[in-house]
Each structure stands twice: as structure tokens, then as C-alpha cells.
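Undergrad: Numbering of the sequence shown is given in full-length UniProt numbering, commencing with residue 1 and proceeding in unit increments.
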Amino acid sequence: MPIVDPNLRTTIVHAFAVTVADPSSLVRTTSRGGTDDPERSSRGPSILPDVGQVVGGLYRLGRLLGQGMFGKVYVAQRVDVPEHQVALKLMPRSLYAMRNVERELVMLATVGHPHVVQLKDHGMNAEYVWLTMPVYEGETLAQRLERSPLGMREAYDIFLPVARGLEALHAAGLRHQDVKPDNIFLAKFAGRVHPILLDLGVAAEREASFCAGTALYASPEQIRALNGFPGVVPLTEKMDTYGLATTLLYSLVNPRDFPGESAQTRTELVESHDVRADKPLADNALPDLTGRPRQLFQEALKRWLAIDPNERPTMRQIAEELEVLLEPEREAEREAERLRIKQKTSYLRARIAAGAMTLVGCAVVLLGVSKRETLRLANELDRARQVGAESFDKLDTCVASHQIAQSETSACRSARDQDRAEFNETLATLQKSGSMTEAEHARQIQSLHATQAARLKTCEDSAAAAEKASMTDRERLAESE
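Laid out in C-alpha cells, this is it:
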């Protein structure tokens, strides 16, 4: 069985977190479930100051927070203000061989991002370099992962701020080189988690030849440089893209599903780079992540973990692409919306069906009512026709009676005029004739008058009868209306 290379999970050129959750603890987490105990380590540099000594003429070293291959971190107090405590990191000056220490420290101090640890003070002498940083309360991401992997939302809330911090670091002309769970601190402010990128001790200018990193999370070009083959691929800030992506993937899956976790040699670790670039998310990893969200995340990881650094996105781009971690939530929201629409549609269909049945029922009822109404109207129309016909008949009778009455009256008037003319003619004849006596004349006139009176009486009776008949017909017509 090959011997496991211990350097796969520790920074080859110094990389431990400058702040720990419990200031009294001397144990540093180096990987999920693994620790580096300085009490049992003989690797601490003897040239560095120890507890009780004053560094830079200002800071008295208190308890040791932790140490690694190339340095130590202490809780320190200002000599002039003992209440002012800082985390003070000591590194041998040899670590900065052929590097412009002052330039790099000034560049680090100017980053000024809320998610990048702030350098408050710094200095150096012939033997070591020292940096001071705030002391935070909380835990490292490595300590958080000892309990369980992250969920997608929790990962987004942690890694987006870290990505923005790295973006600011790159904008300042630097690269971190050692992004890993130990170097992401989950500080707590007012009960809220505030991710902070730690350990800028191995940060370098973006295109510097100096290289550091932890092999398990390092990019292919970093591994080549750390193996003694620098210059094959230029070193750039794209190594931080790779480191952030490996740290993210490691934080989400079980350790056995992380490509490279089971590597026992650097050769096996290098082989895992091809797996990460081709299929970073194993079939049995994240079983709850399915469908389109899984496909999108798989494709994003492949871009971030590309072998060629030129194919990887910038830190600004990866910060924007981290929204892929929210895709499961969005898909769940879309599914809930689809279900709501489906339920609403089913409800509307049921209501429409019920309404249709009601309309059919109403139509049937209305059809029956309509038929009865049509029959009733037809009967009324027939009766109206009959009544109308009778009314017209009565009207015709009335008109005829009225015409008869008018005719009788006209006949009477004509007879009267004829009698008057005949009487006047007879009277004139009698006056001219001298053969008859007056008595005879009188009798003749009386006889004529009686005849005319009888004829007038008959005419008047006939006209009155006709008028009465006409009035009777009009009264009957009015009553029928």
C-alpha cells in the first residue's frame, strides 16, 4: 500500500488560519476530521519569538493560538494599551526570499474588503516578519464541516462573500494561493455569520513566480509548480478560482464523493484533476439535487475546475455564477407555482363543468318552459285572431247599420223635399183653378197633407230603427274591445 503523503492536506508553504474559534485551543484543523497539534509537533521554527516576548516594540505575545510549518499565531496585547488584543502572526524572513515584503504587505493592507481579514499593523527584522489582525469569534469552515456538509443555500451565503473578497484581492493585484476550508472563517456578529477570508501570509502578486498552496485544493498549475516544474503554465489569479471551486465542492459532498479525497500520492491527486474537469459531481453525490439544477451545477463546476486556467472564469464571473446554488430553491418555487396553477386550473375546470351542467339543466328547463310558452302564445294568437275576426265582423255590421241608417235618413229627407214640392205645386194649382169651392180645396189639401204625413212617419220610423241598430252594434263593438 503506498505511503500517504501528509503534504496533500497541509499547505506546502505555510497556510494556517490566523484566528480560531476558541482562543484557548492550540489545535488547528487541517482537513475535515484532521488536526495539527503544535504540542506534538517539532516543526515550529525556533527562530521565532515565544510567549512573553515583545514584537515590534509594541505587542507582547500571550497564549499561542496555533502553529504550522513556517510560523506561529499568538494572541498579543499592546504594551501601551493591554486591553487591545490582536492576533499576531510570525513568519520566518526566509519565506519571503526574493520577494518584495514591504510592497506585498502594503498591497495587502490596502485591500480593505469586509470579507478579507484586515491587516492592522506589520513589521519585520532580519529573522522574521510579523502581521497583526483582529481576533474574531466563530469557527472555521473546516470546523463547521465536521458536523455535516453544507446545504446549497448555506454554501451560497458563505461562498459569495468569499468570492467577492477574492475579487477585491485580485483587483489589488494579488492572489491568495491557499483557498481551503481552514482559511475561511465564519465570524459571528450580532448572531449572524460573516465569512472572512483568512491567512494572507502566502498571498503573492498575481503573476509572481512564488507559489504556495494545499495540494488537495490546489490547481493543476500550482501542483506542477510545487512539484518543481514552474513556468510550464503561467501562475495567475485563476488558481484562486480553482481553489474556491474545490473548497465549495468539498463543502457540499461527503468526503468519499470528493475527487482526490482518497488519493494517497501526488500522482493519484493529479489524476483526480481529470475527474474534476470531466465529471466533478459523482453520480451518488448530492442525491437530492436532480434534474435541471443538477445539470446546471455540474456544468458550472466543470468550467470552474477546467485544467486550462484560461478556460476558468474570473472571480467576478464566478461570483455571479454562484447563483446556480440557488437553482434548487427556484426550481422548487417553479414547481410549487406549476402545482398551484394546475390546482387552480383543475378548480376552474370543475367550476366550468359544474356551470356547464347548470346551463344544460337550465336549458332543458327553459326548453320545456319555452315550449309551453310557445304553445300558450300560439293559443293566444289564435284567440286574438278569432276575436279580431269577430271584431272586424262586428265593425262591418256596425258600419253597414250606420250606412243603412244614413241611407234611411237621406231617403226621408228626399221624400220630405218631394212632398213639399208636390204640396206647393198642388196648392198653386188649386189657387189658379176656380171650379172648386174653398171647402173642396181644404179637403184636397188635408188629404194631401195626411198622405205626406203618413209617408214621412214611415220614413222617420225606418231611419230611427236603422239608427238604433247602428248604435247597438257600436255598443257591442266597444264592449268586445
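Think of the CB as a built atom: it goes at the ideal place given N, C-alpha and C, for glycine as much as any other residue.
DSSP puts W130 in a beta bridge; with which residues?
TA: The partner list for W130 (beta bridge, DSSP) reads L90, G123.
Undergrad: Name the two residues that bound the continuous alpha helix (DSSP H) containing K238.
TA: Counting along the chain, the alpha helix (DSSP H) containing K238 begins and ends at 238-252.
Undergrad: Within a Cβ cutoff of 6 Å, which residues of the same chain sit near residue 505, ignoring the five residues on either side of it in sequence?
TA: The question about residue 505 has no answer here: the residues shown for the chain are numbered 1 through 481.
Undergrad: Cβ atoms of L325 and A155: under 8 Å apart, would you say?
TA: Yes; because the gap between Cβ atoms is below 8 Å, this pair is in contact.
Undergrad: Assuming L216 contacts G260 under a Cβ cut-off of 8 Å, what Cβ separation, rounded to an integer in Å, is found between them?
TA: Indeed they touch by this definition, with Cβ atoms about 6 Å apart.
Undergrad: Across which residues does DSSP place G138 in a beta bridge pair?
TA: Bridge partners of G138: A187.
Undergrad: With distances taken Cα to Cα, identify the nearest neighbour of A277 among V117, I307, Y96, N284.
TA: A277 has its Cα closest to that of I307, out of V117, I307, Y96, N284.
Undergrad: How many Å lie between A465 and K371 at the Cα?
TA: Their Cα atoms are separated by approximately 51 Å.
Undergrad: Let me make sure I understand the geometry here. Which of D182, E207, A190, G191 has the alpha-carbon closest to that of L198?
TA: Residue D182 is the option with its Cα nearest to L198.
Undergrad: With 16 as the cutoff for other CB atoms within 10 Å, does T247 come out buried or exposed?
TA: That one is buried.
Undergrad: Compare the Cα-Cα distances from S209 to each of R175, E268, T10 and report the closest residue.
TA: Of R175, E268, T10, the residue nearest in Cα terms is R175.
Undergrad: If you reduce the DSSP assignment to three classes, tell me which class Y59 lands in.
TA: Here Y59 sits in strand by DSSP.
Undergrad: Using 8 Å as the threshold, is the segment 293-301 in touch with the segment 260-274, meaning 3 or more CB pairs across them?
TA: They do not touch, by the three-pair rule.
Undergrad: On the three-state DSSP scale, how would you describe V101?
TA: Note: V101 maps to helix in three-state DSSP.
Undergrad: Taking the continuous beta strand (DSSP E) assigned at P161, which residues delimit it?
TA: Careful: P161 lies outside any beta strand (DSSP E), inside the alpha helix (DSSP H) at 152-171.
Undergrad: So, helix, strand or coil for V179, using DSSP?
TA: Here V179 sits in coil by DSSP.
Undergrad: Enumerate, from N- to C-terminal direction, the unbroken alpha helix (DSSP H) stretches of 4 or more residues contained entirely within the segment 277-323.
TA: Here the runs fully enclosed are 291-304, 315-321.
Undergrad: According to DSSP, is Y217 part of a helix, a strand, or is it coil?
TA: Reduced to three states, the DSSP call for Y217 is coil.
Undergrad: One question on the structure: do A218 and G201 come within less than 8 Å of each other, judged by their Cβ atoms?
TA: No. Outside cutoff.
Undergrad: Whole angstroms is fine: what's the gap from H449's alpha carbon to A463's?
TA: Taking the straight line joining both Cα atoms gives about 21 Å.
Undergrad: Give me whichever residues DSSP pairs with L197 in a beta bridge.
TA: Its beta-bridge partners are V116, I184.
Undergrad: By how many angstroms is the C-alpha of H84 removed from the C-alpha of V135?
TA: Each residue's Cα considered, the two are about 10 Å apart.
Undergrad: State buried or exposed for M357, treating a residue as buried only when at least 16 other CB atoms are found within 10 Å of its CB.
TA: Exposed: under 16 other Cβ atoms inside 10 Å.
Undergrad: Beta-carbon separation of G71 and L61 under 8 Å?
TA: Taking 8 Å as the Cβ cut-off, G71 and L61 do not qualify as a contacting pair.
Undergrad: Compare the C-alpha of K180 against each of L169, E205, S251 and name the closest.
TA: The residue with the shortest Cα to Cα distance from K180 is S251.
Undergrad: Which residue wins for smallest C-alpha separation from R147, given the options K188, Q77, M91, V253?
TA: Minimum Cα distance to R147 is reached at V253.
Undergrad: Do you know whose CA, among L108, G173, P49, T140, lies nearest A126's CA?
TA: Taking only the C-alpha atoms, the option nearest A126 is P49.
Undergrad: Measure the C-alpha to C-alpha separation of A142 and T10 and round it to an integer number of angstroms.
TA: Answer to the nearest angstrom: the Cα atoms are 13 Å apart.
Undergrad: Taking just the CA atoms, how far does D288 sit from G361?
TA: Approximately 51 Å between the Cα atoms of the pair.
Undergrad: Is there at least one Cβ from chain B nearer than 8 Å to L301's Cβ?
TA: In the structure shown, chain B does not exist; there is a single protein chain.
Undergrad: Could you name the residues that DSSP lists as bridge partners for A204?
TA: In the DSSP output, where bridge partners are listed per residue, A204 has R175.
Undergrad: The beta strand (DSSP E) with Y74 in it runs from where to where?
TA: That run of the beta strand (DSSP E) goes 72-78.
Undergrad: Straight-line CA distance for A245 to D257?
TA: If I take the Cα positions, the gap works out to 15 Å.
Undergrad: Of all the options C459, I47, T110, G191, which has the alpha carbon lying nearest to the alpha carbon of R416?
TA: Nearest option by C-alpha distance: C459.
Undergrad: Hey, A319 and A212: beta-carbon distance below 8 Å or not?
TA: In this structure, A212 does not lie closer than 8 Å to A319 by Cβ.
Undergrad: Can you tell me whether DSSP reads V54 as helix, strand or coil?
TA: Strand at V54.
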